[in-house]
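Numbering (the working numbering), first residue to last: 111 to 634.
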């Protein structure tokens, strides 16, 4: 046998004086025909003979494909023949291999395109009957169940029976009439808005049950109890009941990043406003929250929240208490921990036991919007620039005003420009002024302690709207209130209090780390 050449997937060799072409299929079975035979010719057995670079022939004759044994014998014979060719023509074979590798891309394409069409393969359709489980028992059980739809909302100013029920998806004339005439049920729409309401109704809008939670009428119970009203339908008749229930307490962790304001960040983190106010209060001697907050400042807080049947309460600004907090402002970290000293008075201390409370508070009001800071400004009445040596706090009329330090009231009355004004002497040539008040709650000569209420925000005197004008004076000269507060004396813990605080501080550090690791909520 002598190889004469090689083209793509088939070769030409000489056997018994006759040139032949050869191709091996997937099972190494040889398919061949004389090189001079025309395309489409058949042999004496009727088998199709063709060159495999044009069309892959799969007709091998039944005598060679009857069993696996015949395939194996054919394969073995082919391998033996190939071995002889390699031994007889090593150089020619090497050239053929090199030529084959050069044209491998074209050969591969030819092989891939010559496979059988998947659509020609035989298909088998299997049908299996699946019997489902008997659900009649479940259907009978469901048939006895009543479908209830649950909704919740807060009462609003101006609500009446129809508007509240309609907003909650109830169209029940009987229930609306009951809310109007029943002495207990009427309390749902009386008093302050903001009551937490949750009800169950049928798909047709009939009221089945209503539960409301709201603040008690007794102010002494605001931080400890809530009122629970229940309106239910029994044997087709509506009835109402009210009970006083203790509030539950739980400790929560929160964190956030400042993007625009403290309240925006706490809102995004789901932290109650009351906690935000306490944060500002705890760090008021370290940070002027009106003017010194920076985008990117972060905070972590551990706080105790009060809940009514699992719902955080929001009435009367009673929303819980800050246990510990950390605030990073302009890259500097400040800490605050609530602690009660031996005298029973509580306050905030840093993790080193230094009191956050100083002789003077930084602000005469709880954290609120400032209309103008300590700087030159255009006077709103005189319409000319003058030094505004004080701070104006914008707030609704009636907002409480407190004294920033211990002292004695040296004036409480009317002054031109200031309107209703209170002046407090704190000793050591220091005094404070609170102007434009809507009411006066102290009198001249009265002793006041830090944080005592002395009046309420108003718009008396030369004022364009309700706000508090606050001044801090040293030797009669007006000073920056924030600077004076920061430079005032800190209140120290007792010796035994310091020992107890040291043990508390260690556990607080771990809680603050946990609060910071839960992921800060970013508010835009």
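We put the beta carbon where it would ideally sit given N, CA and C, even for glycine.
Which one of the options has the shortest CA to CA distance from residue i?
i, options, result
"residue 381", "415, 354 and 399", "415"
"residue 341", "309, 372 and 362", "309"
"residue 393", "584, 442, 624 and 608", "442"
"residue 272", "235, 614, 335 and 296", "296"
"residue 436", "232, 244 and 624", "624"
"residue 607", "267, 276 and 457", "457"
"residue 434", "236, 232 and 626", "626"
"residue 477", "461, 354 and 385", "385"
"residue 288", "444, 320 and 523", "320"
"residue 616", "445, 475, 593 and 592", "445"
"residue 439", "464, 407, 547 and 285", "407"
"residue 360", "332, 346, 419 and 399", "419"
"residue 580", "292, 362 and 529", "529"
"residue 612", "462, 468, 383 and 330", "462"
"residue 262", "313, 536 and 306", "306"
"residue 343", "331, 285, 251 and 259", "285"
"residue 502", "550, 421, 468 and 591", "591"
"residue 535", "513, 546, 334 and 330", "513"
"residue 349", "504, 294, 264 and 430", "294"
"residue 398", "614, 474, 251 and 609", "474"
Determine the DSSP secondary structure at residue i, reduced to helix, strand or coil.
i, result
"residue 550", "strand"
"residue 572", "coil"
"residue 292", "coil"
"residue 376", "helix"
"residue 370", "coil"
"residue 303", "coil"
"residue 399", "coil"
"residue 321", "strand"
"residue 280", "coil"
"residue 247", "helix"
"residue 356", "strand"
"residue 469", "coil"
"residue 275", "helix"
"residue 266", "coil"
"residue 105", "No answer is possible for residue 105: it lies beyond the span of the chain, which begins at 111 and ends at 634."
"residue 476", "coil"
"residue 436", "strand"
"residue 287", "helix"
Excluding the five sequence neighbours on either side, which residues of its own chain have a C-beta within less than 6 Å of the C-beta of residue i, listed in chain order?
i, result
"residue 423", "416"
"residue 619", "none"
So, for residue i: in the same chain, excluding its five sequence neighbours on each side, which residues have a beta-carbon less than 8 Å away from its beta-carbon?
i, result
"residue 521", "531, 532, 533 and 554"
"residue 451", "457, 603, 604 and 607"
"residue 465", "457, 458, 459, 600, 601, 602 and 603"
"residue 594", "470, 540, 582 and 584"
"residue 425", "302, 304, 324, 325 and 332"
Taking 7 Å as the limit between beta carbons, can you name the residues of its chain near residue i, skipping five residues before and five after?
i, result
"residue 432", "385, 388, 389, 392, 411, 413 and 448"
"residue 557", "518"
"residue 527", "571 and 572"
"residue 282", "275, 315, 316 and 317"
"residue 635", "Any question about residue 635 goes unanswered here, given that the chain covers just 111 to 634."
"residue 622", "410, 412, 434 and 436"
"residue 270", "299"
"residue 335", "326, 354, 355, 356 and 357"
What is the residue span of the alpha helix (DSSP H) that residue i lies within?
i, result
"residue 442", "Premise fails: residue 442 lies in the beta strand (DSSP E), 442-450, not in any alpha helix (DSSP H)."
"residue 298", "Counting along the chain, residue 298 falls outside any alpha helix (DSSP H), and DSSP gives it neither H nor E."
"residue 343", "It is not in any alpha helix (DSSP H) - residue 343 instead sits in the beta strand (DSSP E) that spans 335-344."
"residue 389", "383-392"
"residue 596", "591-596"
Under DSSP, the beta strand (DSSP E) around residue i begins and ends at which residues?
i, result
"residue 612", "Premise fails: residue 612 lies in the alpha helix (DSSP H), 605-627, not in any beta strand (DSSP E)."
"residue 502", "501-504"
"residue 522", "517-525"
"residue 329", "No beta strand (DSSP E) contains residue 329, which DSSP labels as neither H nor E."
"residue 534", "529-537"
"residue 510", "510-512"
"residue 315", "No beta strand (DSSP E) holds residue 315; DSSP gives it neither H nor E."
"residue 456", "456-459"
"residue 563", "563-567"
For this session: Would you check if the stretch 510-521 and the stretch 531-545 touch, i.e. whether three or more CB-CB distances between them fall below 8 Å?
Result: yes
Exercise. Counting Cβ pairs closer than 8 Å, one from the stretch 564-582 and one from the stretch 501-512, do we hit at least three?
Worked result: yes
For this session: Determine contact between the stretch 580-596 and the stretch 319-328, defined as no fewer than three beta-carbon pairs at a distance below 8 Å.
Result: no
Problem set entry | Contact between the stretch 358-377 and the stretch 385-403 (3+ Cβ pairs under 8 Å) | yes
Problem set entry | Touch test, the stretch 333-340 against the stretch 350-358, Cβ-Cβ under 8 Å, three pairs minimum | yes
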